[in-house]
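Participant:
2 protein chains.
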Amino acid sequence: MKPGRDTPLNPTVNDIARVAQVSLATVDRVLNERPGVRKTTVEKVNRAIADLGYVRDTAAANLARRRIYRFLFILPATNNEFVDLIEQQVNDLSQGLKRDRTQVSCLRVPAFDPMALADAINALNPAQVDGVAIFGPETPSVRDSISRLRAHDVSVVSLVSDIPSSERNAYVGIDNIAAGRTAAQLMGRFLGPVTGDVLVMTGSMLARDHLERRLGFDEVMARDFPNLTVLASLEGRDDPDLIERLLPQALASGRDILGIYSSAAGNAGLVRYIDHHRGPTHPIIIAHELTPLSRMALGGGLFDAVISQDSGHLVRSAVRIMRAHSDNAPINMAQERIRIDVYIKENLPPDPGSTTGG
Amino acid sequence: MKPGRDTPLNPTVNDIARVAQVSLATVDRVLNERPGVRKTTVEKVNRAIADLGYVRDTAAANLARRRIYRFLFILPATNNEFVDLIEQQVNDLSQGLKRDRTQVSCLRVPAFDPMALADAINALNPAQVDGVAIFGPETPSVRDSISRLRAHDVSVVSLVSDIPSSERNAYVGIDNIAAGRTAAQLMGRFLGPVTGDVLVMTGSMLARDHLERRLGFDEVMARDFPNLTVLASLEGRDDPDLIERLLPQALASGRDILGIYSSAAGNAGLVRYIDHHRGPTHPIIIAHELTPLSRMALGGGLFDAVISQDSGHLVRSAVRIMRAHSDNAPINMAQERIRIDVYIKENLPPDPGSTTGG
DNA sequence: GTGAAAGCGCTAACAA
DNA sequence: TTGTTAGCGCTTTCAC
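Top line first, the protein sequences correspond to chains W and D.
Everything in the first sequence is counted per the numbering used here, starting at 232 for the first residue and increasing by one.
Everything in the second sequence is counted per the numbering used here, starting at 232 for the first residue and increasing by one.
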């Protein structure tokens, strides 16, 4: 459409300068809360801003500022489809983000290793990065390394697994307690009024997300489904091979295991085991994160439900938040809330990598 | 963070001009595929563009162009919480969109009235709007009015309910057939191995989304749950009062109704009826769209599940697509795919209006 | 404390 | 067919 000479133009800095009777430079100082302006002048300018209903054109601002954002995602170096998905989203996004003068990259650090993570964070040069998104355990060393980043005004968001004790600017991920509750509700309803046991597979005691899911799961199972007994967790460390090895013992414990809640990663081990020991009936299985594997298991009827969070949304949200924080702009929290996705066979999004949207 | 003199700057039009040995104006002509450039020159410029890996800075381009986007959402004038939610999202977004030189507004037209909708669309001045998002029925008159818009290069997206026979640029909404299938799968599993009937409440035969949901629902019920019989639809026209009036007859038909699939709007009527005729046990109810009412019904155990689509995502996606189409830029389809959200009591997002994210 | 002027990457007259 | 130039809205020296 044509520029539209008919549409009312938004007020600009020039208008403010004119109305407030000051120069452009002064308007800019007030706008960016820079020092060196007399109080009365500040007020004059602010009045003009309010009167005109001025909204700053960030695009123009960034252009003039020649600003480039550099964001880093730190992810666990697990052999894990979900983490791979996140990395892929980062890489996919990096292309289009260049238009927005934003550079993103990934760094993998050993999983479940707080020291390695803290070291990696400490090795970062705060002058070379504007924001860091961290998917890792919550420990004192990690917390301290985050403090250092924040002290240098680097924006930090925790990803997937929160680090609330730190000074991170935001958490980007689902409410894991609610996710655990959701799994429990689904498990109980799918199972119906039978009596038996439910096995919970977790990843690591260090991982806050795993802990929270377990918490929520237990809460709802105890409250709503007294007919079902939740067994102690099997700690699989997100390792398919370990899980495949541990599973026989857990399942052969003489208990009547009707359901399995796989609350962490390493589902390949679970799938392999079930596939090889498939009886006439298999337990109700609820797992986490929609990945090629879980998608297949869901489609094939091996998994009954998958609780997930959208990797694309996760990454875009983290970037938006880090950027907003970098030029301390407001954040639309509604847009940034990551939903707890529930997938069953029927609402699986079409196609391979397209587990995304948001 | 500081501008980062260390980070490699992206190539600009000036670089292209220098490398291709032409002027800025010529580069611009090639970039925008404007006529009046010799073929060999075009090639020279394109070579430079490719060699340098140039990516255009759309922000700067729009700034220079003084471009303003005007988008219109046309919504049914039903007394409908979901539509209200969409309108609210549009209004909420309009604020922040001003920064992006984008104006959005809403227009309500009589619901289930193809002529009124077509008239409204035809009344639009193509010179005064860059894109239109339409939530309405698919009829020949509507189709024709869309054709006219498209002929004037106005971008058109269908919202919530697709209009595939038209020349709309895109459909923004969930796959309604899959949504119906999801509802059926949940219904069947929640009900378990019992025998009885399921009532389907629909809105209008004119509404493609309602039709598609019914289709998907029937398909899965027939395939997976032969123990359950799906009754003919009750057509509630999204009208709570009408629904409340029709419900008694439907439920007193002598059949054993174990489940209700409310595939359209007007849930207030359903809730009122059930509330007043609450027996020791009530049917499994699955409804659509997370709204204040359905949220409450879910929390209170009156509804068992809600299939939804995120109104915020819907609106943002529509805007992004209309904008992309306006400056024929590419669309990240992955981001624009609207997910079929499944809500149960446990994964209800916190708080009132915050049904959003994505 | 404040202002004048140059410039960010791109587009759009207007010349040539 | 091509080039020159001014300017979008904002920031940033550098002077006063």
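Note that the Cβ used here is the ideal one computed from N, Cα and C, for glycine as well.
As the structure is a prediction and not an experimental result, all values here were calculated from the model.
Which one or two residues does DSSP pair with Leu306(D) in a beta bridge?
Facilitator: In the DSSP output, where bridge partners are listed per residue, Leu306(D) has Arg339(D).
Participant: Of the choices Asp323(W), Leu324(W) and Asp315(W), whose alpha-carbon is the least far from that of Arg339(W)?
Facilitator: Out of Asp323(W), Leu324(W) and Asp315(W), Asp315(W) has the C-alpha closest to the C-alpha of Arg339(W).
Participant: Run down chain W in chain order and give the residues with a C-beta less than 8 Å from the C-beta of Gly543(D).
Facilitator: Near Gly543(D) (Cβ distances below 8 Å), the residues of chain W are Ala565 and Gln566.
Participant: Can you list, in chain order, the residues of the segment 278-307 of chain D whose Cβ is nearer than 9 Å to any Cβ on chain W?
Facilitator: Against chain W - using a Cβ distance shorter than 9 Å - the residues of the segment 278-307 of chain D are Val286, Arg287, Asp288, Thr289, Ala290, Ala291, Asn293, Leu294, Arg296, Arg297, Arg298, Ile299, Tyr300 and Arg301.
Participant: Locate the beta strand (DSSP E) running through Arg285(W), then write down its first and last residues.
Facilitator: According to the sequence shown, residue 285(W) is Tyr rather than Arg. Note, Tyr285(W): premise wrong, no beta strand (DSSP E); not H, not E.
Participant: Which residues, in order along the segment 392-421 of chain W, keep a beta-carbon less than 8 Å from a beta-carbon of chain D?
Facilitator: Hits within the stretch, in order: Asp406, Ala409, Ala410, Arg412, Thr413, Ala415, Gln416, Leu417, Arg420 and Phe421.
Participant: Please identify, using Cβ separations under 9 Å, the residues of the segment 327-360 of chain W that lie next to chain D, in order along the chain.
Facilitator: Of all residues in the segment 327-360 of chain W, Gly327, Lys329, Arg330, Asp331, Arg332, Gln334, Pro357, Ala358, Gln359 and Val360 have a Cβ within less than 9 Å of some Cβ in chain D.
Participant: Using a beta-carbon distance cut-off of less than 7 Å, what residues from the segment 244-265 of chain W approach chain D?
Facilitator: Under the 7 Å Cβ criterion, the segment 244-265 of chain W contributes no residue.
Participant: Taking C-alpha atoms, which residue in Ala290(W), Asn322(W), Pro345(W) and Met346(W) lies nearest to Val335(W)?
Facilitator: Measuring from the Cα of Val335(W), the nearest candidate turns out to be Asn322(W).
Participant: Taking 7 Å as the threshold (beta carbon to beta carbon), is Glu443(W) in contact with chain D?
Facilitator: So no, Glu443(W) is outside the interface.
Participant: When you compare each of Arg301(W), His519(W), Ser372(W) and Thr309(W) to Val431(W) by their alpha carbons, which one comes out closest?
Facilitator: Nearest of Arg301(W), His519(W), Ser372(W) and Thr309(W) to Val431(W), Cα basis: His519(W).
Participant: Alpha carbon to alpha carbon, how far is Tyr285(W) from Asp246(W)? Give it in angstroms, no decimals.
Facilitator: Approximately 9 Å between the Cα atoms of the pair.
Participant: Residues of chain W with CB closer than 7 Å to the CB of Pro580(D), please, in chain order.
Facilitator: Near Pro580(D) (Cβ distances below 7 Å), the residues of chain W are Arg568 and Arg570.
Participant: Would you kindly work out how many angstroms separate the C-alpha atoms of Arg297(D) and Ser386(D), rounded to a whole number?
Facilitator: The straight-line gap from Cα to Cα measures roughly 19 Å.
Participant: Going along chain W in order, which residues have a C-beta closer than 7 Å to the C-beta of Val573(D)?
Facilitator: Neighbours of Val573(D) on chain W, chain order: Val573 and Asn578.
Participant: According to DSSP, is Ser392(W) part of a helix, a strand, or is it coil?
Facilitator: In the structure shown, Ser392(W) sits in coil (DSSP, three-state: anything other than H, G, I, E or B).
Participant: In angstroms with no decimal places, state the Cα-to-Cα distance between Asp288(D) and Arg445(D).
Facilitator: Straight-line Cα distance between these residues: approximately 46 Å.
Participant: If distances are taken between C-alpha atoms only, which option among Leu473(D), Leu417(D) and Arg468(D) comes closest to Gly447(D)?
Facilitator: If we check each option's Cα against that of Gly447(D), Leu417(D) comes out closest.
Participant: Is the segment 565-579 of chain W touching the segment 250-270 of chain D, taking contact as three or more C-beta pairs under 8 Å?
Facilitator: Contact fails: fewer than three Cβ-Cβ distances are below 8 Å.
Participant: How would you list, in chain order, the residues of chain W whose beta-carbon sits under 7 Å from the beta-carbon of Asn241(D)?
Facilitator: Correct list: Lys329.
Participant: Taking all protein chains shown into account, do 16 or more other C-beta atoms lie within 10 angstroms of the C-beta of Glu274(D), making it buried, or fewer, making it exposed?
Facilitator: Label assigned to Glu274(D): exposed.
Participant: Skipping 5 residues on each side, what residues in its chain have a beta carbon closer than 7 Å to that of Glu475(W)?
Facilitator: Cβ neighbours of Glu475(W) beyond the five flanking positions: Gly500, Arg503 and Tyr504.
Participant: Should Pro514(D) go down as buried or exposed, given a rule of 16 or more other Cβ atoms within 10 Å for buried?
Facilitator: That one is buried.
Participant: Is Arg301(D) helix, strand or coil when you go by DSSP?
Facilitator: In this structure, Arg301(D) counts as strand in the three-state DSSP scheme.
Participant: Should His507(W) go down as buried or exposed, given a rule of 16 or more other Cβ atoms within 10 Å for buried?
Facilitator: Burial call: exposed.
Participant: For the segment 340-347 of chain W against the segment 361-370 of chain W, do three or more pairs of beta-carbon atoms, one drawn from each stretch, fall closer than 8 Å, so that the two count as touching?
Facilitator: Contact holds: three or more Cβ-Cβ distances are below 8 Å.
Participant: Out of curiosity, what's the CA-to-CA distance linking Ala415(W) and Leu240(D)?
Facilitator: Ala415(W) and Leu240(D): Cα-Cα distance of roughly 51 Å.
Participant: Given Leu303(W), which residues of its chain have a CB within under 8 Å of its CB, disregarding the five upstream and five downstream residues?
Facilitator: If we look at Leu303(W) and ignore the five residues flanking it on each side, its Cβ neighbours are Val335, Ser336, Cys337, Leu338, Leu355, Val360, Gly362, Val363 and Ala364.
Participant: For the segment 443-462 of chain W, which residues have a CB atom closer than 9 Å to at least one CB atom of chain D, in sequence order?
Facilitator: Result list: Gly447 and Val451.
Participant: Nearest-angstrom Cα distance between Arg509(W) and Thr522(D)?
Facilitator: Between Arg509(W) and Thr522(D), the C-alpha separation is close to 42 Å.
Participant: Classify Gln540(W) as helix, strand or coil using the three-state DSSP reduction.
Facilitator: Coil.
Participant: Find the residues of chain D that neighbour Gly423(W), judging by a C-beta separation of less than 7 Å, and give them in chain order.
Facilitator: Here the neighbours are Gly423.
Participant: Just grab the DSSP bridge partners of Ala518(D) for me.
Facilitator: In the DSSP output, where bridge partners are listed per residue, Ala518(D) has Ser493(D) and Val537(D).
Participant: Quick check: the segment 420-439 of chain D against the segment 484-499 of chain D, are at least 3 beta-carbon pairs closer than 8 Å?
Facilitator: A contact exists between the segment 484-499 of chain D and the segment 420-439 of chain D.
Participant: Would you mind giving the Cβ-Cβ distance between Gly404(D) and Leu545(D), rounded to the nearest angstrom? I have them listed as a contact below 8 Å.
Facilitator: Indeed they touch by this definition, with Cβ atoms about 7 Å apart.
Participant: Per DSSP, which one or two residues make a beta bridge with Ala401(D)?
Facilitator: Ala401(D) is bridged to Val388(D).
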